[in-house]
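One structure below.
Numbering (this note's numbering), first residue to last: -5 to 189.
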């Protein structure tokens, strides 16, 4: 069986660009992108395409052979950047792999929420959970809960010790708009009491 080859020869800042998708059978090469999209939908970003973080690249390198794929890092710059980022982010690479393979989450980076990752069950739906890299200080825990509550997500802290990934739920999702209504009611009650 011939492995389909995914070639990465360029970087864009800390991201790795899938710039070439080749296969020995040229007829099915045109079908490769849709297959890649179905197999790894979380790796494709609207507007920027197939630009991978170090966590996504490491996951793809480990998982691709199971699906008949081979990742080829074709330039020295790409290989050096991979090694450098892998050394800088070993926990997040391991956490990404475990959350994806063992828990079934499709992950996106969560920097817009101050989180490590945003976990989806289905990319067409809203995300389910925000994963924060721990350990969190008390203040960071409060901030994580507030952010998660404000966007209606679960909040989990994750860490990696001795090669083991640990997950702890720090907040269940709010039930619909009950929390928001309760918040408004408290403000109204306080306003009435103050007058």
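Virtual Cβ for every residue (Gly too), placed ideally from N, Cα, C.
How is the beta strand (DSSP E) around residue i delimited, first residue to last?
i: residue 152; result: 148 to 155
i: residue 113; result: 111 to 114
i: residue 160; result: 158 to 165
i: residue 195; result: Given a span of -5 to 189 for the chain in the structure shown, any question on residue 195 remains unanswerable.
i: residue 124; result: 123 to 127
Considering only the beta carbon of each residue, do residue i and residue j sit closer than 8 angstroms?
i: residue 117; j: residue 153; result: no
i: residue 190; j: residue -1; result: Residue coverage of the chain in this structure runs from -5 to 189, which leaves residue 190 outside it and unanswerable.
i: residue 47; j: residue 120; result: no
i: residue 49; j: residue 97; result: no
i: residue 38; j: residue 32; result: no
i: residue 108; j: residue 137; result: yes
i: residue 148; j: residue 122; result: yes
i: residue 210; j: residue 2; result: The displayed coordinates of the chain run from -5 to 189. Any statement about residue 210 would go beyond what the structure contains.
i: residue 45; j: residue 6; result: yes
Report back the beta-carbon spacing between residue i and residue j to the nearest angstrom; my notes put them in contact at under 8 angstroms.
i: residue 35; j: residue 100; result: 7 angstroms
i: residue 113; j: residue 93; result: 7 angstroms
i: residue 130; j: residue 159; result: Actually they do not touch by this definition, with Cβ atoms about 16 angstroms apart.
Between which two residues does the alpha helix (DSSP H) containing residue i stretch?
i: residue 52; result: 48 to 57
i: residue 136; result: 132 to 144
Which of helix, strand or coil does DSSP assign to residue i?
i: residue 106; result: helix
i: residue 11; result: strand
i: residue 117; result: coil
i: residue 22; result: Its pLDDT being 45, under 50, residue 22 is placed unreliably in this model, and the value from its coordinates should be taken loosely. If DSSP states are grouped into helix, strand and coil, residue 22 belongs with the helices.
i: residue 34; result: coil
i: residue 16; result: Caution applies to residue 16, whose pLDDT of 47 falls short of 50 and renders its modelled position unreliable; the value that the coordinates give is listed next. Strand.
i: residue 29; result: helix
i: residue 43; result: strand
- Item | Every unbroken beta strand (DSSP E) inside the region 61 to 103 [3 residues or more] | Note on the region 61 to 103: whole beta strand (DSSP E) runs with a minimum of 3 residues are 63 to 67 and 100 to 103, in chain order.
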